[in-house]
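2 protein chains.
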Amino acid sequence: MVETDKKRELIIEGAIKRFIHYGINKTTMNEIADDLSVSKPSLYYYFPDKSSLVLGVIDKIFSDYFELMEKDQASKNSIEECLGAFVEIRHRFFQKYYMLHLSGGSPDASLNSDGLRAAFLTMKAKNADFHAKVLQCAIDNGEIAPVDALKTAELYLDSQAGITSLCLLHGNKELFPSKKEMKTILEKQHQLSKIFIKGLK
Amino acid sequence: MVETDKKRELIIEGAIKRFIHYGINKTTMNEIADDLSVSKPSLYYYFPDKSSLVLGVIDKIFSDYFELMEKDQASKNSIEECLGAFVEIRHRFFQKYYMLHLSGGSPDASLNSDGLRAAFLTMKAKNADFHAKVLQCAIDNGEIAPVDALKTAELYLDSQAGITSLCLLHGNKELFPSKKEMKTILEKQHQLSKIFIKGLK
DNA sequence: TTTTTGACTGTAGAAATAAAAAAGTCAGAA
DNA sequence: TTCTGACTTTTTTATTTCTACAGTCAAAAA
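In the order they appear, the protein sequences are chains G and H. Just so we're aligned: 17 in my numbering is position 11 of the first sequence, and the numbers increase by one with no gaps anywhere. Just so we're aligned: 192 in my numbering is position 186 of the second sequence, and the numbers increase by one with no gaps anywhere.
Written out as structure tokens, the structure is:
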């Protein structure tokens, strides 16, 4: 059974490589299989369908994300420092996995199955919980004034994601945002983040 | 010539009525003409093409918007009160003219001609200037700390528009946002607005 | 001269259809 | 238990046809 899990991981990693370059919809099960030098039915032996594979991919990516976030949190001592670092982490993940359209609703119909939508909402909730925890720490430390930590974390994340969503909407309609757009997003997120935290004091 | 301007206004108002219900793309020049009991070439006598008419419509709507904003500003004395009232005004306009997709980039290809895009950017800049003016007042009053008023106004408006953009992206994919979504947007905008202003003190 | 119109044209987008590609299955081999 | 070649079914894409709309014009009305 441990061998099976290993194979599953291998397939997920192979899928991610393709997804990063071509997106989910433009990657076929055959391509993933060929990359790994196995047949398509082998893939279907480990994953009942493509959606399940994508689900596995999303789980993997977010597990990496949360691991990184938690590791980074430990090394920071002020809430400003902490959230500033988080902006950077989110930005890196956003850039790396942009083709998977993991941020926000599905622009094209990449992830529109019920299962994927649900998984994505779970991750969003987990992210909100994580940020709420960080805010609660800051409240307990007296760094910021007492507020509903979860509600505030959700608003904070919405404001951050809103910036991204807005910039992409206005920006060039290429399939990939330009270097300059990316920089603008990052800067605005940092600025907004700073003002937001200050507004919580 | 004053008669001509009157006719133009009448056409614009007729066009707005149709646009509000069916959107720009699903409204034909013939329908607008029929509503006004004139022929299509009459419309083309006053407007060289449909884009020009849409441009006229946009000018009218934003002129109403800015008029209302300026009137409202006069009756408020704190920056919190002022921006809170502005959130409400923007929300009303957003709701009323939703079908024109005036907020953010063109979701479907409603306004994609160069001229319309330019007009829209002009309005956005005007709005930023207006909000910058309000912020500058607050700075001069000592209500908030000194900052680059224009840059801050732009960030503020982006954060507000970002909330809208994000909620619409996640929400139901009907052609019109639900009552509940609208309420959520408004609430989040108010909350974010309050924290933002507090963060500027 | 200014404004309006009926009758027209070319084009852009919708609808329909055909072709291609990809998801998913299965009997059987390793 | 894990894997495969050969297959079927569904989805996507490309192509064509058709329709409805934007925009024009010569001429009439004001």
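Heads up, the beta-carbon is just placed ideally off N, CA and C, and yes, glycines get one too.
Minimum Cβ-Cβ distance from residue i to chain G less than 8 Å
{"i": "residue 150 of chain H", "result": "no"}
{"i": "residue 202 of chain H", "result": "yes"}
{"i": "residue 111 of chain H", "result": "In this prediction, residue 111 of chain H has a pLDDT of 46, which is less than 50 and means its spatial position is unreliable; what the coordinates show is noted afterwards. Taking Cβ atoms only, chain G reaches closer than 8 Å to residue 111 of chain H, which makes this a yes."}
{"i": "residue 114 of chain H", "result": "Residue placement at residue 114 of chain H is flagged as unreliable, the pLDDT there being 45, under the threshold of 50; the coordinate-derived value follows with that caveat. So no, residue 114 of chain H is outside the interface."}
Under 9 Å from the C-beta of residue i: neighbouring residues of chain H
{"i": "residue 197 of chain G", "result": "157, 158 and 161"}
Closer than 8 Å to chain H by CB, residue i
{"i": "residue 205 of chain G", "result": "yes"}
{"i": "residue 8 of chain G", "result": "no"}
{"i": "residue 92 of chain G", "result": "no"}
{"i": "residue 167 of chain G", "result": "yes"}
Selection from the options that minimises the alpha carbon distance to residue i
{"i": "residue 136 of chain G", "options": "G:160, G:149, G:122 and G:123", "result": "G:160"}
{"i": "residue 73 of chain G", "options": "G:61, G:189 and G:132", "result": "G:132"}
{"i": "residue 164 of chain H", "options": "G:100, G:80, G:36 and G:193", "result": "G:193"}
{"i": "residue 30 of chain H", "options": "H:153, H:50 and H:122", "result": "H:122"}
{"i": "residue 80 of chain G", "options": "G:108, G:98, G:39 and G:139", "result": "G:139"}
{"i": "residue 70 of chain G", "options": "G:157, G:144 and G:95", "result": "G:95"}
{"i": "residue 181 of chain G", "options": "G:82, G:200, G:134 and G:101", "result": "G:101"}
{"i": "residue 157 of chain G", "options": "H:201, H:157 and H:155", "result": "H:201"}
{"i": "residue 85 of chain G", "options": "G:32, G:149, G:33 and G:44", "result": "G:149"}
{"i": "residue 203 of chain G", "options": "G:175, G:151, G:176 and G:188", "result": "G:151"}
{"i": "residue 224 of chain G", "options": "G:120, G:83, G:82 and G:68", "result": "Residue coverage of chain G in this structure runs from 7 to 207, which leaves residue 224 of chain G outside it and unanswerable."}
{"i": "residue 10 of chain G", "options": "G:34, G:195 and G:51", "result": "G:51"}
{"i": "residue 33 of chain H", "options": "H:44, H:43, H:97 and H:106", "result": "H:106"}
{"i": "residue 82 of chain G", "options": "G:108, G:196, G:169 and G:143", "result": "G:143"}
{"i": "residue 129 of chain H", "options": "H:120, H:119, H:108 and H:145", "result": "H:108"}
Separation of residue j from residue i, as counted between CA atoms
{"i": "residue 13 of chain H", "j": "residue 53 of chain H", "result": "11 Å"}
{"i": "residue 103 of chain H", "j": "residue 167 of chain H", "result": "15 Å"}
{"i": "residue 191 of chain G", "j": "residue 171 of chain G", "result": "9 Å"}
{"i": "residue 205 of chain H", "j": "residue 59 of chain H", "result": "42 Å"}
{"i": "residue 63 of chain G", "j": "residue 22 of chain G", "result": "7 Å"}
{"i": "residue 126 of chain H", "j": "residue 37 of chain H", "result": "25 Å"}
{"i": "residue 178 of chain H", "j": "residue 198 of chain G", "result": "28 Å"}
{"i": "residue 184 of chain G", "j": "residue 27 of chain G", "result": "16 Å"}
{"i": "residue 66 of chain G", "j": "residue 18 of chain G", "result": "8 Å"}
{"i": "residue 76 of chain H", "j": "residue 75 of chain G", "result": "45 Å"}
{"i": "residue 49 of chain G", "j": "residue 124 of chain G", "result": "23 Å"}
{"i": "residue 111 of chain G", "j": "residue 40 of chain G", "result": "With a pLDDT of 47 at residue 111 of chain G, under the threshold of 50, the modelled position of that residue is not reliable, and no figure is offered here."}
{"i": "residue 141 of chain H", "j": "residue 207 of chain H", "result": "11 Å"}
{"i": "residue 155 of chain G", "j": "residue 20 of chain H", "result": "49 Å"}
{"i": "residue 153 of chain H", "j": "residue 147 of chain H", "result": "13 Å"}
{"i": "residue 134 of chain H", "j": "residue 162 of chain H", "result": "9 Å"}
{"i": "residue 44 of chain H", "j": "residue 176 of chain H", "result": "42 Å"}
{"i": "residue 61 of chain G", "j": "residue 8 of chain G", "result": "20 Å"}
{"i": "residue 25 of chain G", "j": "residue 42 of chain H", "result": "54 Å"}
{"i": "residue 188 of chain G", "j": "residue 196 of chain G", "result": "12 Å"}
{"i": "residue 97 of chain G", "j": "residue 173 of chain G", "result": "13 Å"}
{"i": "residue 169 of chain H", "j": "residue 169 of chain G", "result": "8 Å"}
{"i": "residue 55 of chain G", "j": "residue 186 of chain G", "result": "38 Å"}
Heavy atom of the ligand MN within 7 Å of residue i beta-carbon
{"i": "residue 15 of chain H", "result": "Ligands are entirely absent from the displayed structure, and the ligand MN is therefore not among its contents."}
Contact list for residue i against chain G, beta-carbon separation under 8 Å
{"i": "residue 194 of chain H", "result": "161 and 164"}
- Query: Counting Cβ pairs, one atom from each stretch, are 3 or more of them under 8 Å apart for the segment 80-95 of chain H and the segment 10-25 of chain H?
  - Reply: Judged by Cβ distances under 8 Å, the segment 80-95 of chain H makes no contact with the segment 10-25 of chain H, as fewer than three pairs qualify.
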